[in-house]
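Some notes on the structure that comes next.
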Amino acid sequence: MCGIVGYVGPRDCSDVLVSALTKLEYRGYDSAGIAVFENGKIEVAKSKGRLTDLVNKMETQGKPQGHAGIGHTRWATHGEPSDINSHPHSSGRRVSIVHNGIIENYKDIKKFLIENEHGEFLSDTDTEVVAHLLDYYYDGNPIKCIRKVLHEIRGSFALGILFADRPETVYAVRCESPLIVGQGKGEAFIASDVPAIIKYTKDYFLLEYGEIAVLKNGLASFCDLHGRMIEKELKTADFDEDSAEKGGYPHFMIKEIHEQPTAVKTTITPRIECGMPNLSECGITPEELKKFNNIFIVACGTAMHAGMVGKYVIEKLARVSVTVDIASEFRYRDPLIGENDLVIIISQSGETADSKAVLNLVKGTGAKTLAIVNVKGSSIAREADMVIYTHAGPEIAVASTKAYMVQLSVMYLLAFQMAFAKGRIDEEECQRLTLELVRTPEVIEQTINRIENVCRYVSTKLITADSLLYIGRGLDYALSMEGSLKLKEISYIHSESYAAGELKHGTISLITDGMPVIAVATQNSILEKTISNIKEVKARGAMTIVICDIQADIDKEAADYIIRIPKINETLMPMVATVPMQLLAYYTSVNKGNDVDKPRNLAKSVTVE
Ligand code: M6R
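For what it's worth, our numbering labels the leading residue of the sequence shown as -5, then goes sequentially.
Following this line, the structure appears as structure tokens:
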């Protein structure tokens, strides 16, 4: 969603803002803009389209020259993408703001301002209303004004603010939407995410709910909701500029696919002791795990699909009932949760609005919450009772790959530990499964090397398709959901995932000559059944692509293309079978000439409902 940046320091502010915004492009946007103090006055440049459109516009119309300012990439919510609706928004000359999130009561505020004859509204945005409200209350004391406005606006937001009579100073405030404050040598930054500023500094503060940051003379200071000065803990990012760059790959997505072996190793290694899973550093003990009768896994998109795999594995090994739900559904369906239940929220960003809302819903029910999150210090990680951090490093491509893979690896650790705690498997079996998991990074690497070219070739057979099906049974069905989402979000080909055994109940009527059907067939215990389903669609004209292990006995007549992957323990096959699905999606998107890392209409982190 929208990205915010701000800068105060000796460098050319416009250049820093544009460079930082470039690192937030992955969040998704349709317009961009900056506001910079130039000779004591706020100068604004903004444009619909990509950052390059803004840069081109500044080249012809002049770039604001100065050393303090704010910048923004907008993902349209209120009003179409246009120059006028782009941020920063101003209230005449006194206040300029950038905003991430949604102001729920903006209509009431606008009415109030109009009744009080304050402000001329030029855009359709909720943000412009806040600029005017700040102006309305401004009496020369910025902190007092921001606090007053904070009490009046409702919603989720982070704001970067310039007051014209406070030159060379940037103010920022946060409620729900994430915002960090970077501290360099003689320069300070604000940003929606750490990768935006990592080129300049690794040191940053996490702005908490209601806290206000003031960036002045290259230094950041803070006060709380009551206006009292506060000290904050300086954090240091555990990645560098290189990991937030493409490192020689043409796209972040393919770089992130190749990073999976390392990401899995880094995630599981610290959680294994004497060959057994050990999640106690995350606050999860075997005694605790033994108590849970029901598990709810709640998440969105890819993270929810990792939960689907988790369900199959936990139920199979630990014999505990697991319900997987989409966060936007779960939060409104009055779920039956209570004591001795565990609610697991999976989220790469840790900021997804619907997933975050689930935490609030669970509070007071007696159920425990466990967050499985990639971004350190994110809202979901901080608000859950327990947290397991995945160590995938920054994931920049909108299409999630390595984050999914590490989420799977955590699902396995949890399933093994729970199965052992509940006495469903003995120590020897637990160690054997854990060892197989430990070996997966190597197998994932072999798989990528072995099949990348095959997938590149097979993807050329998909590019002309209007629609396709992904099918599978059991764990393969759970996997096919992710394969289908990955493909549709970046190739723009309509795709659905179907339980292979369900085809005959309606969906098979969609099959026409040449329609691609991708079958995931890695579960040998039900392979025969899946093969029958593949033959059924093949007989009706489908072009079949089968993902199976190197030993699987697949009839040549049943499959037009076979993608063979290494064979490991059947329960762990998703760790390997994910790779061809990711590569098929990636190369189909590349072959279609799409913007692989920033697919249309999508945002990396969905911070609004
Ligand atoms: O940050 P989260 O894991 O909470 O994000 C959830 C989904 O928005 C995300 O997985 C989305 O589906 C991806 N674009 C899929 O590739």
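Glycine included, every Cβ here is placed at the ideal spot set by N, Cα and C. Bear in mind the structure is a predicted one, so any value in this text is a computation, not a measurement.
Taking 8 Å as the cut-off, does the segment 194 to 203 touch the segment 377 to 389 (at least 3 CB pairs, one atom from each stretch)?
no
Per DSSP, what are the beta-bridge partners of residue 491 in this structure?
464
Are residue 58 and residue 89 close, meaning C-beta to C-beta below 9 Å?
no
Can at least three beta-carbon pairs, one atom from the segment 400 to 414 and one from the segment 260 to 278, be found at a separation below 8 Å?
yes
What first and last residue would you give for the alpha helix (DSSP H) that runs through residue 323?
321 to 324
Whether residue 147 touches residue 84 by CB criterion (9 Å):
no
So residue 592 is in the alpha helix (DSSP H); what residue range does that whole segment cover?
No alpha helix (DSSP H) contains residue 592, which DSSP labels as neither H nor E.
Where the beta strand (DSSP E) containing residue 213 begins and where it ends
213 to 217
Bridge partners for residue 176 per DSSP, in chain order?
183, 198
What's the call for residue 601, buried or exposed, on a 16-neighbour Cβ count within 10 Å?
buried
Roughly how many angstroms lie between the CA atoms of residue 536 and residue 483, to the nearest whole one?
22 Å
Residue 335 - DSSP class collapsed to helix/strand/coil:
strand
Can we count residue 295 as close to the ligand M6R, meaning its CB is less than 8 Å from some heavy atom?
yes
Do the segment 157 to 170 and the segment 317 to 336 meet, that is, are 3 or more Cβ pairs less than 8 Å apart?
no
For residue 399 and residue 303, which I take to be in contact (beta-carbon distance under 8 Å), what is that distance rounded to the nearest angstrom?
With 8 Å as the limit, residue 399 and residue 303 do not qualify as a contact, their Cβ atoms being about 11 Å apart.
Taking Cβ positions, are residue 481 and residue 391 nearer each other than 9 Å?
no
Return yes when the C-beta of residue 338 is under 8 Å from any heavy atom of the ligand M6R, and no when it is not.
no
Do residue 186 and residue 34 have their C-beta atoms closer together than 9 Å?
no
Taking the Cβ atom as the reference point for each residue, do residue 152 and residue 196 lie within a distance shorter than 9 Å?
no
Who are residue -1's beta bridge partners in DSSP?
65, 185
Which residue comes first and which comes last in the alpha helix (DSSP H) that contains residue 410?
396 to 415
Is residue 344 near the ligand M6R, judged by its Cβ being under 8 Å from some heavy atom?
yes
Residue 13 versus residue 422: straight-line alpha-carbon distance, rounded
53 Å
Under three-state DSSP, which class holds residue 558?
strand
Could you tell me whether the Cβ atoms of residue 434 and residue 566 are closer together than 9 Å?
yes
Between which residues of its own chain and residue 170 is the CB-CB distance below 6 Å, once the five residues before and five after are set aside?
150
Top-ranked residue by Cα proximity to residue 339, from 313, 372, 312
372
Measuring CB atoms only, is the segment 465 to 481 touching the segment 506 to 525, in the sense that at least three cross pairs come out at less than 8 Å?
yes
Is residue 581 buried or exposed, if buried means 16 or more other CB atoms sit within 10 Å of its CB?
buried
Using the beta-carbon count (16 or more within 10 Å), is residue 198 buried or exposed?
buried
Run the CB neighbour count on residue 470, radius 10 Å, all protein chains shown included, and call it buried at 16 or more, exposed below.
buried
Residue 117 and residue 78 look like a contact to me (Cβ under 8 Å); what is the Cβ gap, rounded to whole Å?
5 Å
To the nearest whole angstrom, what separates the beta carbons of residue 104 and residue 115, a pair I think is in contact under 8 Å?
7 Å
Would a C-beta distance cut-off of 9 Å place residue 455 and residue 556 closer than the cut-off?
no
Strand pairing of residue 41, partner residues [DSSP]:
26
Report back the beta-carbon spacing between residue 20 and residue 591 to the nearest angstrom; my notes put them in contact at under 8 Å.
6 Å
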